[in-house]
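A quick write-up on the structure given underneath.
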Amino acid sequence: MNNNFSKLKDLVMSLEGDFEKFYDKGNAAAGTRVRKGMQDLKNMAQDIRKEVQDIKNDKAESAK
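If you count by our numbering, then the sequence shown holds residues 35 to 98, one letter each, in order.
Quick look at the structure:
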């Protein structure tokens, strides 16, 4: 499995505490950290999507 998947899981798990602080306790600073973490998650997901597409295209080219 790709290292990117591990990084993705680690990022999600690192946000768990801030999610709890924001949603359960109303901590606004934790909300800011959640938003930043979610933006990082979005960017990481986009990078993974691009990597997957590139691999698919390379395999299709080599099959021809």
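Glycine residues also receive a C-beta, built at the ideal position from the N, C-alpha and C atoms. Since this is a predicted model, take the numbers as computed values, not measurements.
- In the DSSP annotation of this structure, the continuous segment of the alpha helix (DSSP H) that includes N37 starts and ends at 37-48.
- Contact between I82 and N38 holds, since their C-beta atoms are separated by about 5 Å, short of 8 Å.
- Look at K98 here: in three-state DSSP terms it is coil, with no helix or strand label.
- Shortest Cα-Cα distance from M72 to any of K59, E85, D52 involves D52.
- Under the 10 Å beta carbon count, A64 is surrounded by 16 or more other beta carbons and is classified as buried.
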